[in-house]
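Read left to right, the sequence shown gives residues 1 to 229 (full-length UniProt numbering).
I have placed the structure first, in the form of structure tokens, so that the comments after it can refer back to it.
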Amino acid sequence: MHSTVTRTQNVFGFFTTVCFIVAALIASTDFLFPRTPSASITVKDVQVVKGRPHYYSPKREEYASIRFSLSADLSSLFTWNTKQVFVYVTASWPDKDAANKSVRTNEAVIWDTIITSPSADHLQNIGLAAMRKLVASAKGKAIDPNRGKLELKNQKPKYQITAPTGKLAETDDVQLNVHYNVQPWVGVLTWTPQVEFGRWKRMKGGLSKVFSLPALKKKEEKKGEKKKA
């Protein structure tokens, strides 16, 4: 005859098994929805400065600030199981001494944002007025088709980029790339796919043209400009 503890363990084990199966079924429904994201990104302005990129930086070094324009349609990433989508832009470039310039060994994030679904708006860390507008815009919508659409013009970067060597000026073959991470209510995190998987397609576009970082102005040139002025 089973004891109370044994029966409790059996009930709890059955309960967790059912929960796991239900969660797996919910997560698998994501594959039924097509993902066809697209993005277009262009570089607007690039500056390389020598100084302290952050207030906690121990030394002066070269860092770059890259302005860009972004037009993206990530609305297909939002389904009834989507909690939020994390979007970020990276700048990547190969090492100067690398034999194969197609291998981009350096990558740094210059901008990011979080787009919540209507069911997760309460998680946004924004003011009350902005929250009311956000909730009102999505009222009655399980999936808001306009949530994943971004239109940024001459956007300032959130983060400056540096290099391990402390030198960035005159770096060639730099390219911006748009990435995303889908965070579901139930299931695993999914990142920007490198290959197509069923109805999930690779991002169309999302890469800028290759560009070079400008050179630093010499102190002598700056002094000469001041004297002429």
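All residues carry an ideal CB built from backbone N, CA and C; glycine is no exception.
| Between Leu216 and Val178, what straight-line distance do the alpha-carbon atoms span, to the nearest angstrom? | Distance between Leu216 and Val178, taken at the CA atoms: about 27 Å.
| query | What is the DSSP secondary structure of Ala129, reduced to helix, strand or coil? | reply | Looking at Ala129 - three-state DSSP - the assignment turns out to be helix.
| Does the beta-carbon of Lys23 have 16 or more other beta-carbons within 10 angstroms, so that it is buried, or is it exposed? | Note that residue 23 corresponds to Ala in the displayed sequence, not to Lys. Its Cβ having fewer than 16 others within 10 Å, Ala23 is exposed.
| Name the DSSP beta bridge partners of Phe15, please? | Its beta-bridge partners do not exist; DSSP assigns none.
| field | CA nearest to the CA of Lys83, picked from Gly205, Ser208, Gly187, Arg202 | value | Across the set Gly205, Ser208, Gly187, Arg202, the C-alpha of Gly187 shows the shortest separation from the C-alpha of Lys83.
| By DSSP, does Arg147 sit in helix, in strand, or in coil? | In the structure shown, Arg147 sits in coil (DSSP, three-state: anything other than H, G, I, E or B).
| message | With distance defined between alpha-carbon atoms, name the residue in Val89, Leu189, Ser69 nearest to Leu176. | response | Nearest C-alpha to Leu176: Val89.
| From Tyr159 to Ala64, what does the alpha carbon distance come to, in whole angstroms? | So the two alpha carbons sit approximately 9 Å from each other.
| field | For Pro157, the nearest candidate out of Phe86, Val18, Leu70 (CA to CA) | value | With distances taken between CA atoms, Pro157 lies nearest to Leu70 out of Phe86, Val18, Leu70.
| query | What separation, rounded to the nearest whole angstrom, lies between the Cα atoms of Ser38 and Tyr55? | reply | Distance from the CA atom of Ser38 to the CA atom of Tyr55, rounded to whole angstroms, is 36 Å.
| Cβ pair Phe31, Arg202 closer than 9 Å | Taking 9 Å as the Cβ cut-off, Phe31 and Arg202 do not qualify as a contacting pair.
| Under the three-state DSSP convention, the category Val22 falls into | Correct three-state label for Val22: helix.
| task | For Gly206, I'd like the list of residues in its chain whose CB is within less than 7 Å of its CB, leaving aside the five on either flank, ordered along the chain. | result | Correct list, in chain order: Ala39, Ile41, Asn177, Val178.
| query | Of the residues Glu196, Lys209, Pro214, Trp185, which one's Cα is nearest the Cα of Leu25? | reply | Here the closest residue by C-alpha is Trp185.
| Would Arg60 be called buried (16 or more neighbouring beta carbons within 10 Å of its own) or exposed? | Per the 10 Å Cβ criterion, exposed.
| request: For Lys219, I'd like the list of residues in its chain whose CB is within less than 6 Å of its CB, leaving aside the five on either flank, ordered along the chain. | output: Any answer about Lys219 is weak, because its pLDDT of 45 lies below 50 and its placement is not dependable; what the coordinates show is given next. Cβ-Cβ distances below 6 Å link Lys219 to nothing in the same chain once the five nearest sequence neighbours on each side are left out.
| Bridge partners - Glu61, DSSP secondary structure assignment | DSSP output for Glu61 lists Gly51 as bridge partner(s).
| request: Put Phe86 into one of helix, strand or coil per three-state DSSP. | output: DSSP places Phe86 within a strand segment (E or B) once states are collapsed to three.
| said: Against chain D, with Cβ distances strictly below 9 Å, would Phe86 count as a contact? | reply: Although the question refers to chain D, the structure presented lacks it and comprises just one protein chain.
| task | Indicate the three-state DSSP secondary structure (helix, strand or coil) for Arg202 in the structure shown. | result | Reduced to three states, the DSSP call for Arg202 is coil.
| task | Name the residue from Arg52, Lys44, Gln9 whose alpha carbon lies nearest to the alpha carbon of Ile161. | result | Of the candidates Arg52, Lys44, Gln9, Arg52 places its Cα closest to the Cα of Ile161.
| Start and end of the beta strand (DSSP E) containing Ala108? | 106 to 116 is the extent of the beta strand (DSSP E) around Ala108.
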